[in-house]
Structures are given as structure tokens and as C-alpha cells.
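Protein chains in written order, with the working numbering: chain A, 1 to 227; chain B, 228 to 454. Just so it is clear, CB atoms sit at the ideal spot from N, CA and C, and this is done for glycine as well. Worksheet for the structure shown next.
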């Protein structure tokens, strides 16, 4: 069976910034797929079988082959459907793209979770970390986008920051991608979030606010009143 | 200038398991390079210029192009010198290899650092995490090696675990790759560490013990007597 005939399924949750990366890449490539919303509080046999190690989303299933971890899925998509490449085509360009994608995961996304789920000193520390990391990330911009004049691999990785950093900022009372402190990143944000193809696929802003606010409150309550 | 004529330099420290990965990949590919030992307490201009974001090793410099982060460097090496590939040659095989390499970094190497630098409950927790992760990692073995009958990308990522987990275990009084609990991983370890090409390139065991013991003691002392 030719690879194009393989069925493509995506296991995800509507609000996840990591799932969004995969949806965006599939959209940019024009790949048809079946989207399956997963309940992480009541994990389906399909999720447990296809990502037995982490039991998390996103999972892309190509034919019968599951792939998990959003950065790994993005590379898999780019290699399986090479038209409209997301990655630069030379080894050094690829290395630079992988470097920034890893940087976004480790230095921005990881502390964003801490900011959401903590208070006081721990939260302050993570906030400062994110702001410093975003300043560093500006150095990776190559013009309008991280991919230069077109959206590339790093832009898709950074899509997890875009409206999610706004949502998080609103919940905890700060501005992450601030136009004065981060003019280049802010202008990337404005360009990126104004593209119709992307705009229409973002989860609704107010629904994100409500959902992450509830997650934060549940988590903090459980910390003070375990069970 | 053809890529083969580019000078290859590697900035590293002798004891780093991440630098070892790169040395091993270069050795398996038969690539000549200049090794430059770096003093992380007194960082050279070359290090600061070539890895301004993290200021850490390993950094591979190919011609004038620096690449950092060991997993990114391994992919760069494999793409620049495609002979004797480290990666599987199909997109799904590559995704599986990247998945395990990321798993090793996040679930094994990160808590190894915690075990080295902490005590008590925090150390116990990280020890348990590592042992559970190693059990999961056994699932990635495909015969003698993670690469099947030959050493591949995941074996090189896991080289950071090999003698370093023995060294750490000796310092903190436990056995990580235990032959009863992890028979498959232990047999991988025995096979892997008995290959002459690898054996001769490992840093000396006793020197590693002394060096990491000193790091642990300095770190714990600084915690109790800051400055």
C-alpha cells in the first residue's frame, strides 16, 4: 500500500498547544486526517496502545504506526510528505531549527506549566525564566518568521507559545510577549496570529481562559486539600 | 568548498556523557576532528561565540558553523556524512529513534543529575524515577542493540547511560542497570561496553568516580554554606 493511502488519525485534546502544532503542520501540508478527541481523565484503549510510554497526546497514527511527542511528529510529517517542506533543506539549517524547537520546549513551555500551576516565589521565578527565554528566542527570528519569509518548523514549534502565552498571561496577570520588551517577537506574534489559515484553527480564546483557569484552581486546591 | 574539506572541531569536557555521544558518532563515522577541551569555570571566547545561548558543551564546529545540543549534533553528523547511517532510513523508524533518544534525555539523564546533586527524599525519588525509566527503555531494544544488530542512533544516546550510570551508582550506593531487574538492558550494557572501539574511548572509570564525587561534595557543601 502506498504511503498516501494510509489512513491518518490524530489523537488530541482541543486545548493542548502541542496538539495544535500537529494540526497546524497537517493543515499546512494539506493532509486529510481523522481527529479523535481524547479524555485524559478516562484514557481510551487506543491512546494506551498507541502511546504506552507516556499515555499522552498528541499521537499521530499513520496506517497502524503510531508516533508520539509533538516535535517527533512534526519531523515525521515532514519526512513522510516532503512537499512544502517545514525544515530547511541543508543540514546546518536543520540543526538550527531543531535547536530552537528544543529551546522552546525546555525553556519556554516547561516553565509555562509551572507558572500555571504554582504561586508565590516558584511562580515568580518561572515567569522571569520565560521572559528571559523569550528574549533569547528573538535571536532565532529570520525576518518575518523563524522560517524567513514563510512559516517553518520553528514557527510551528512556537505556535504553542502564541495565543497560549496570552491566555496564561491573562490568567496570572502579566504580559509575556510584550511589545516594548520584545518588539521582534511581538511583531512575529501579530503576523503569525493574523494568518487566516491559523486564526481559524486556534481554539477559542475565552474557552481556553476558562479551561486553564479551572485547571489552575483545581490543582492549587488539591495541593492545599489533598483528597 | 566541499563539505568534506571543512575543518571539524569539537568543544567538550573529558567527563561529559553528552560529549561522549558526539565523540562516539564521529568515531563510528570515521570523521577526523580537532578536540578542544573546555574549562567550564573559565569559558573561552570560542565557546561563548559558538554557543551563546547555553554556553555549554558539546559544540561541534563544522567549518564556521557551530551546532550545539548533543541530540541535534548527532542528527547533523548523520545528515552531513550519510555513510554508515546512524538513523533508520524510513520515517517511522526515525520517529521511533527520536522518541527513545528524547526519552533517555528527559527520563534518565535529567534525574541522574538530581541523584548526583541531592540527598534524602529528593534523591530517593529521582532514583526510583530512573529505575522505572530504565525498565521502560528495555522496551526499545531490538535485539542486541537499540539499532538491531548494529549500533544506531539510540545506542549512541544511551551511551551516556552506560558507564555513567555505573559511576553514579557507585557514588550513591545503588545499582541502576541491575542484571536481575533489567536483564535485557544489562546484556545491552555488557555487549556495548565490550566493543573495543568504544571501550578505548570511555573516560577512565576511576577518574570519573573521583571527579563526580568531588562535584557532588562541592555542590552539597555550597548548599549548606553558600559562598
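Report the option in B/404, B/316, B/239 whose CA atom is closest to the CA atom of residue 374 of chain B. If you number the second chain from 1, residue 374 of chain B lands on position 147. Checked all of B/404, B/316, B/239; the closest Cα to residue 374 of chain B is B/316.
Spatial distance of residue 153 of chain A from residue 71 of chain A (CA atoms): For the purposes of this step, residue 153 of chain A is taken as residue 153 along the first chain, with counting starting at 1. For the purposes of this step, residue 71 of chain A is taken as residue 71 along the first chain, with counting starting at 1. If you take the alpha carbons of residue 153 of chain A and residue 71 of chain A, they lie about 9 Å apart.
Which of helix, strand or coil DSSP assigns to residue 20 of chain A: On the first chain, residue 20 of chain A is found 20 positions in, with the first residue counted as 1. Three-state DSSP puts residue 20 of chain A in a helix.
Between residue 307 of chain B and chain A, is any beta-carbon pair separated by less than 8 Å? If you number the second chain from 1, residue 307 of chain B lands on position 80. Yes, contact with chain A.
Is residue 276 of chain B close to chain A? Criterion is C-beta to C-beta, closer than 8 Å. Working through the second chain from its first residue, we reach residue 276 of chain B at position 49. Not closer than 8 Å to any Cβ of chain A, the Cβ of residue 276 of chain B fails to qualify, so no.
Consult DSSP for residue 35 of chain A and reduce its assignment to one of helix, strand or coil. On the first chain, residue 35 of chain A is found 35 positions in, with the first residue counted as 1. Residue 35 of chain A falls in the strand class under three-state DSSP.
What does residue 315 of chain B pair with, by DSSP beta-bridge criteria? What you label residue 315 of chain B is simply residue 88 of the second chain in a count that begins at 1. According to DSSP, which records beta bridges pairwise, residue 315 of chain B is partnered with nothing at all.
Please classify residue 322 of chain B: is it buried, with 16 or more other beta-carbons within 10 angstroms of its beta-carbon, or exposed? What you label residue 322 of chain B is simply residue 95 of the second chain in a count that begins at 1. That one is buried.
If we count the other Cβ atoms within 10 Å of its Cβ and call it buried at 16 or more, is residue 224 of chain A buried or exposed? Counted from its first residue, the first chain places residue 224 of chain A at position 224. Counting Cβ neighbours within 10 Å, residue 224 of chain A comes out exposed, since fewer than 16 surround it.
Run through chain A and tell me which residues come within less than 8 Å of residue 252 of chain B, C-beta to C-beta. Stepping through the second chain from its first residue, residue 252 of chain B is reached at position 25. Under the 8 Å cutoff, chain A gives no residues; its nearest Cβ is about 14 Å from residue 252 of chain B.
Buried versus exposed, by CB contacts within 10 Å (16 or more), residue 150 of chain A: Residue numbering aside, residue 150 of chain A sits at position 150 when the first chain is read from its first letter. Per the 10 Å Cβ criterion, exposed.
Three CB pairs or more closer than 8 Å across the stretch 253–261 of chain B and the stretch 293–313 of chain B: yes
So what does DSSP say about residue 236 of chain B, is it helix, strand or coil? Within the second chain, the letter at position 9 stands for residue 236 of chain B. Looking at residue 236 of chain B - three-state DSSP - the assignment turns out to be strand.
Helix, strand or coil: how does DSSP classify residue 287 of chain B here? Counting from one through the second chain, the residue named residue 287 of chain B turns up at place 60. Strand, per DSSP.
Residues of chain B with CB under 8 Å from residue 102 of chain A, in chain order? In the first chain, residue 102 of chain A corresponds to position 102, counting from 1. Result: 296, 298, 299.
Segment contact, 8 Å Cβ cut-off, at least three pairs: the stretch 342–357 of chain B with the stretch 196–210 of chain A: no
Go ahead and pull the three-state DSSP assignment for residue 218 of chain A. Taking the first residue of the first chain as position 1, residue 218 of chain A is located at position 218. In the structure shown, residue 218 of chain A sits in a helix (DSSP, three-state: H, G or I).
Ends of the beta strand (DSSP E) at residue 68 of chain A? Indexing the first chain from 1 puts residue 68 of chain A at position 68. Here the beta strand (DSSP E) through residue 68 of chain A covers 65–68.
Going by the DSSP bridge assignment, what does residue 372 of chain B pair with across the sheet? What you label residue 372 of chain B is simply residue 145 of the second chain in a count that begins at 1. Per DSSP, B/375.
With a threshold of 8 Å between beta carbons, is residue 9 of chain A in contact with chain B? By one-based count along the first chain, residue 9 of chain A stands at place 9. It does not; no Cβ of chain B falls within 8 Å.
Check whether the stretch 42–51 of chain A and the stretch 134–141 of chain A are in contact - that is, three or more C-beta pairs closer than 8 Å. no
Are residue 74 of chain A and residue 25 of chain A close, meaning C-beta to C-beta below 8 Å? Residue numbering aside, residue 74 of chain A sits at position 74 when the first chain is read from its first letter. Residue numbering aside, residue 25 of chain A sits at position 25 when the first chain is read from its first letter. Closer than 8 Å, so yes.
Does the CB of residue 303 of chain B have a neighbour CB from chain A at under 8 Å? Working through the second chain from its first residue, we reach residue 303 of chain B at position 76. Closer than 8 Å to some Cβ of chain A, the Cβ of residue 303 of chain B qualifies, so yes.
Which residues in the same chain have their Cβ closer than 7 Å to the Cβ of residue 409 of chain B, if we skip the five residues on either side of it in sequence? As a working note, residue 409 of chain B is residue 182 in the second chain. Around residue 409 of chain B: 361, 362, 365.
Quick one: list the residues of chain B neighbouring residue 65 of chain A, beta-carbon separation under 7 Å, in chain order. Counting from 1 along the first chain, the entry for residue 65 of chain A is found at position 65. Those within 7 Å of residue 65 of chain A in chain B are 319.
Interface positions of the stretch 33–58 of chain A facing chain B (Cβ-Cβ less than 7 Å), listed along the chain: 53
Interface residues of chain A facing residue 384 of chain B [CB-CB closer than 7 Å]: Within the second chain, residue 384 of chain B is the residue found at index 157, counting from 1. Going along chain A, no residue has its Cβ under 7 Å from residue 384 of chain B, so there is no contact; the nearest lies around 13 Å.
For the alpha helix (DSSP H) that residue 366 of chain B lies in, which residues bound it at each end? If you number the second chain from 1, residue 366 of chain B lands on position 139. Here residue 366 of chain B belongs to no alpha helix (DSSP H), and DSSP marks it neither H nor E.
Starting from the Cα of residue 275 of chain B, find the closest Cα among B/324, B/293, B/261 and give me that residue. As a working note, residue 275 of chain B is residue 48 in the second chain. Comparing Cα-Cα distances from residue 275 of chain B to each of B/324, B/293, B/261, the minimum goes to B/293.
Quick check: does the Cβ of residue 225 of chain A come within less than 7 Å of any heavy atom belonging to the ligand SAM? Ligands displayed in this structure: none; no statement on the ligand SAM is therefore possible.
Is there a Cβ of chain A sitting closer than 8 Å to that of residue 232 of chain B, yes or no? Position 5 of the second chain, counting from 1, holds the residue named residue 232 of chain B. Chain A, which has no Cβ nearer than 8 Å to the Cβ of residue 232 of chain B, makes this no.
Answer with yes or no whether the minimum CB distance from residue 248 of chain B to chain A is below 8 Å. Reading the second chain from its first residue, position 21 is the one you call residue 248 of chain B. Taking Cβ atoms only, chain A never reaches closer than 8 Å to residue 248 of chain B, which makes this a no.
8 Å Cβ cutoff met for residue 389 of chain B and residue 420 of chain B: If you number the second chain from 1, residue 389 of chain B lands on position 162. If you number the second chain from 1, residue 420 of chain B lands on position 193. The answer is yes: Cβ separation under 8 Å.
Counting pairs of Cβ atoms below 8 Å between the stretch 51–69 of chain A and the stretch 3–14 of chain A, do you hit three or more? yes
Provide the residue span of the alpha helix (DSSP H) that contains residue 104 of chain A, from first to last. Here residue 104 of chain A refers to the residue found at position 104 when the first chain is read from its first residue. Element bounds for residue 104 of chain A: n/a, residue is neither H nor E.
Under 8 Å from the C-beta of residue 363 of chain B: neighbouring residues of chain A: By one-based count along the second chain, residue 363 of chain B stands at place 136. Under the 8 Å cutoff, chain A gives 53.
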